Amino acid sequence: MRLLFIPFALLAFAAAATAGYEWRFFPDDKDELVLWKDGVQLGNYRVSERKYYPHLAPGVWGAPCPPPYPPPQDVVTPGKIESDGIINFGLDRTRVNPTGKHLLDGKEVSKEELLQALGQPRLPDDSQWPSLTIIGPEMARKKVLSDLRSSPILAPWKERIKVQDYPPDHWAVKDAGFVTAGQPTIYCQAPDGKVLHRQDEYRGPQALAEVLRKADPAYQPERDPDLNKSLSSVPLWVWLGGGILLALLWKGEHK
Amino acid sequence: MNRRFLLALLVGGVLWWWYSDRQERTRPAPLPPEPPPSKPKPPEPKKPRRPRPCPGPGPCPLEGEEAGGRPAEGGRVSPDGTVELICDLPASERKKNIASQGLGCCVFRSIDYAARWQRVPELYDLPEQLVKAGIPGGGYPDKVDEVMKRFAPEASYLQDTSGDADILEAILKTGRMPCVTYNGHDCHYSGSIAHMVCLSYFDRQTGWACISDNNFPSENSFVWMSPDEFLKRWKGDGGGGWVFALLAVPPPPPPHN
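Going down the list, the sequences are from chains D and Y.
So for the first sequence, this note's numbering puts the first residue at 44; every next one is plus one.
So for the second sequence, this note's numbering puts the first residue at 66; every next one is plus one.
Here you go:
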């Protein structure tokens with residue numbers, strides 16, 4: 044093992060010296076760095092493995108562990124030092140120009156159009172929309188998603204709810220408090236996360252539309268227009284009572 | 066007697082119905098929701114408390130200079146405990162940046178993070194997909210267009226190089242994850258870098274911004290700073306204030322009763 048025979052004499056220069064910690068490089072081996080503090084070798088960092096080996100005693104190395112002081116970033120990350128000293132982690136700087144362009148799917152648009160993409164009409168400002176989350180096996184999710192896409196009764200909700208679907212073991216739902224055992228589990232939540240409805244099986248588009256109608260925060264039943272209100276709102280017992288009353292009055296007059 | 070009682074009952078019933086129905090009809094219509102208050106002048110950024118120390122006993126390069134909202138390493142909550150990340154992608158979903166043909170893939174790793182946040186599976190492991198396809202790293206807007214066309218032609222996305230902070234806020238307001246250029250000068254980098262990271266929080270009203278750096282994907286390696294400090298780093302050193310965002314729907318909020 045090469046670590047056991049470190050040619051200390053070849054250590055070339057100090058890369059960083061802060062609070063006594065110092066990373067040193069081998070001129071003939073770019074794969075390894077040495078961490079020094081106060082004249083003591085604390086351990087070695089192997090770049091290809093991204094592992095730090097503590098130096099416990101001369102010739103004795105510990106199991107890999109996090110280094111007590113972070114290695115230089117240009118060594119441990121895929122950065123390239125450019126001619127002006129900037130470490131580049133993956134930008135083509137000659138082609139990232141502050142041109143002031145607004146692009147949607149690769150096409151130049153105005154700022155207003157770009158903001159509209161986060162608003163009407165393509166993707167509304169959906170921060171206040173309810174979330175509909177479908178959690179379950181793929182086939183069960185697909186059925187619901189298919190109905191949401193194509194069922195006419197669910198069509199009014201296409202642009203008014205945020206729909207996501209997940210397998211039960213997905214990080215977004217697994218440990219976030221969601222029930223994931225349904226076939227599928229369907230959640231309808233208010234924007235703040237409050238559960239407005241949950242079901243653990245799919246009951247078809249009709250039932251789902253009913254759920255969405257009831258969960259819609261903008262829905263106010265008392266504001267429903269009823270063009271026949273003058274007649275239809277009179278209860279049956281009033282009609283009957285009125286009829287009997289008239290009959291009694293008429294009978295009384297004829298006596 | 067019987068007839069009079071019946072008559073009184075009916076008259077009473079009709080009167081009661083008339084009265085209750087009138088009440089219903091004359092009930093005032095619900096008032097329209099109050100308009101949102103006009104946007105107050107953004108408060109001065111709150112000065113964060115001292116940052117958590119950098120990993121290891123060694124000091125951060127900016128130790129002692131963080132006053133005025135300078136970057137500080139931390140977790141999901143801002144150093145003063147007032148705000149939480151908007152885009153909180155778990156560490157298990159955040160892979161480290163890699164290189165493809167010798168060039169870093171920070172742009173494509175950031176897109177990978179956004180894809181995992183908004184569930185666009187075609188873009189998962191995008192840097193690894195580039196390596197397999199023999200496409201070198203190094204990103205710029207036109208190249209992102211090409212990569213999106215090739216790997217996720219159905220995915221909608223936006224890019225902006227205007228450096229306009231309104232766009233960042235609009236993206237985060239809807240829960241989506243912006244990928245932004247970033248030039249370092251924080252507790253991870255002592256000097257200038259050319260880099261793309263994800264912006265997990267940005268709100269000029271609360272006075273906080275936070276980045277998730279694909280070179281430091283561990284649980285508590287977020288970097289919190291004031292919005293002004295972030296904006297300097299977003300636009301600095303040729304990054305130009307470039308932002309990329311997917312338009313797919315973000316994950317639902319945690320459920321509660």
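Glycine included, every Cβ here is placed at the ideal spot set by N, Cα and C.
Bear in mind the structure is a predicted one, so any value in this text is a computation, not a measurement.
Span separating the alpha-carbon of residue i from that of residue j
i: His106 (chain D); j: Pro144 (chain Y); result: The identity of residue 106 (chain D) in the sequence shown is Ala, whereas the question assumes His. Spanning the two alpha carbons is a distance of roughly 33 Å.
i: Met290 (chain Y); j: Trp307 (chain Y); result: 19 Å
i: Pro164 (chain D); j: Phe68 (chain D); result: Residue placement at Pro164 (chain D) cannot be trusted, given a pLDDT of 40 that sits under 50; what the coordinates show is reported in the next sentence. Taking the straight line from one Cα to the other gives about 57 Å.
i: Leu76 (chain D); j: Arg93 (chain D); result: 11 Å
i: Glu202 (chain D); j: Phe216 (chain Y); result: 27 Å
i: Cys231 (chain D); j: Asn322 (chain Y); result: 12 Å
i: Val314 (chain Y); j: Glu211 (chain Y); result: 22 Å
i: Glu219 (chain Y); j: Phe173 (chain Y); result: 17 Å
i: Trp66 (chain D); j: Ser255 (chain Y); result: 15 Å
i: Pro122 (chain Y); j: Pro292 (chain Y); result: With a pLDDT of only 35 at Pro122 (chain Y), under 50, the local geometry of the prediction cannot be trusted, and the value read off the model is given with reservation. Using only the alpha carbons, I get a separation of about 28 Å.
i: Lys217 (chain D); j: Glu149 (chain Y); result: 20 Å
i: Arg246 (chain D); j: Ala219 (chain D); result: 25 Å
i: Ala252 (chain D); j: Ala160 (chain D); result: 27 Å
i: Arg68 (chain Y); j: Glu296 (chain D); result: 13 Å
i: Trp81 (chain Y); j: Val281 (chain D); result: 10 Å
i: Lys326 (chain Y); j: Pro114 (chain D); result: Residue 326 (chain Y) lies beyond the range of chain Y shown here (66 to 322); nothing can be said about it.
i: Trp83 (chain Y); j: Lys294 (chain D); result: 25 Å
i: Arg294 (chain Y); j: Arg135 (chain Y); result: The question names Arg, yet the displayed sequence has Glu at residue 294 (chain Y). Using only the alpha carbons, I get a separation of about 6 Å.
i: Leu72 (chain Y); j: Leu291 (chain D); result: 8 Å
i: Phe70 (chain Y); j: Gly78 (chain Y); result: 12 Å
i: Trp182 (chain Y); j: Leu158 (chain D); result: 20 Å
i: Ala233 (chain D); j: Lys257 (chain D); result: 12 Å
i: Ile129 (chain D); j: Ala274 (chain Y); result: 23 Å
i: Thr239 (chain Y); j: Phe309 (chain Y); result: 14 Å
i: Lys208 (chain Y); j: Val139 (chain D); result: 10 Å
i: Pro186 (chain Y); j: Leu99 (chain D); result: 45 Å
For residue i, the residue or residues it bridges with in DSSP
i: Leu291 (chain D); result: Bridge partners of Leu291 (chain D): none, in fact.
i: His145 (chain D); result: D:Val152 and Y:Asp225
i: Thr246 (chain Y); result: Y:Met261
i: Glu219 (chain Y); result: DSSP output for Glu219 (chain Y) lists no bridge partner at all.
i: Asn87 (chain D); result: D:Val77 and D:Tyr96
i: Ile276 (chain Y); result: Y:Leu264 and Y:Val288
i: His321 (chain Y); result: D:Lys237
i: Val308 (chain Y); result: Y:Asp225 and Y:Val245
Residue i and residue j closer than 8 Å at C-beta
i: His253 (chain Y); j: Val288 (chain Y); result: yes
i: Thr176 (chain D); j: Gln226 (chain D); result: no
i: Ile151 (chain Y); j: Tyr247 (chain Y); result: no
i: Asp169 (chain D); j: Lys205 (chain D); result: yes
i: Ala179 (chain Y); j: Cys170 (chain Y); result: no
i: Ser227 (chain Y); j: Gly143 (chain D); result: yes
i: Leu147 (chain D); j: Leu223 (chain Y); result: yes
i: Pro316 (chain Y); j: Ala215 (chain D); result: yes
i: Phe132 (chain D); j: Ile258 (chain Y); result: yes
i: Ile287 (chain D); j: Leu74 (chain Y); result: no
i: Ser283 (chain Y); j: Glu138 (chain Y); result: no
i: Leu134 (chain D); j: Trp200 (chain D); result: no
i: Pro101 (chain D); j: Gly86 (chain D); result: no
i: Asp177 (chain Y); j: Pro192 (chain Y); result: yes
i: Pro248 (chain D); j: Leu289 (chain D); result: no
i: Thr228 (chain D); j: Gly179 (chain D); result: yes
i: Arg241 (chain D); j: Val222 (chain D); result: yes
i: Asp212 (chain D); j: Pro318 (chain Y); result: no
i: Leu195 (chain Y); j: Gly203 (chain Y); result: no
i: Lys80 (chain D); j: Tyr96 (chain D); result: no
For residue i, three-class secondary structure by DSSP
i: Tyr96 (chain D); result: strand
i: Glu158 (chain Y); result: helix
i: Ile236 (chain Y); result: helix
i: Gly331 (chain Y); result: Nothing in the structure corresponds to residue 331 (chain Y), since chain Y is present only between 66 and 322.
i: Gln232 (chain D); result: strand
i: Asp302 (chain Y); result: coil
i: Lys201 (chain D); result: coil
i: Asp190 (chain D); result: helix
i: Gly139 (chain Y); result: strand
i: Val238 (chain D); result: strand
i: Ala313 (chain Y); result: coil
i: Gln159 (chain D); result: helix
i: Cys108 (chain D); result: strand
i: Glu128 (chain Y); result: Model confidence at Glu128 (chain Y) stands at a pLDDT of 41, short of 50, so the residue's coordinates are unreliable; what they give is reported in the following sentence. Coil, per DSSP.
i: Val206 (chain D); result: strand
i: Arg256 (chain D); result: helix
i: Arg246 (chain D); result: coil
i: Glu125 (chain D); result: coil
i: Val281 (chain D); result: helix
i: Pro97 (chain Y); result: No answer about Pro97 (chain Y) holds up, because its pLDDT of 41 lies below 50 and its placement is not dependable.
i: Leu71 (chain Y); result: helix
Minimum Cβ-Cβ distance from residue i to chain A less than 8 Å
i: Gln84 (chain D); result: Note that chain A does not occur in the displayed structure, where the protein chains are D and Y.
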